[in-house]
C-alpha cells in the first residue's frame, strides 16, 4: 500500500480517515447527499484500491481505541453533526466500515 499523501501530514495519525470525515461530512453534507449510504458511495467512487484499504484499516484501528478517541475524532473532524456518545460513534463507524468492506467485493 502506498504511504499517505504528504499533504495529509499535518493531520497526524489516521490522516486519511480524518481527511475523509472532514471532506465529506461538511456542514452541507445532508443537502448534497440524502443518506449516509450516498455519502459512503461517493467516498468509494472517489478513491482507488490503496486509499480504500488504508481508510478501512484506519477505521479498524480507530474502533480498537478508547471511547473518547472514537467520539473525539468524529466531533473534531465532522462539521455536519455531532455525536453525543461513544457508542453512537462506534455504531456509525462500524456501519461505515461494513459498507466499505461490502463495496470492495
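Residue numbers (the numbering used here): 835 to 939.
Note that CB positions come from ideal geometry on N, CA and C, so glycine has one too.
All values derive from a computational prediction rather than experimental measurement.
- Here residue 892 is buried, its C-beta having at least 16 other C-beta atoms within 10 Å.
- Note that the C-beta distance between residue 926 and residue 870 is below 9 Å.
- The beta carbon of residue 920 is closer than 8 Å to those of 901, 902, 904, 905 in its chain, skipping five residues each way along the sequence.
- Here residue 931 is buried. Its C-beta has 16 or more other C-beta atoms within 10 Å.
- The straight-line gap separating the alpha-carbon atoms of residue 917 and residue 881 is approximately 26 Å.
- Where residue 925 is concerned, the enclosing alpha helix (DSSP H) starts and stops at 920-937.
- Using a 10 angstroms sphere on the CB of residue 929, the tally of other CB atoms stays under 16, which defines it as exposed.
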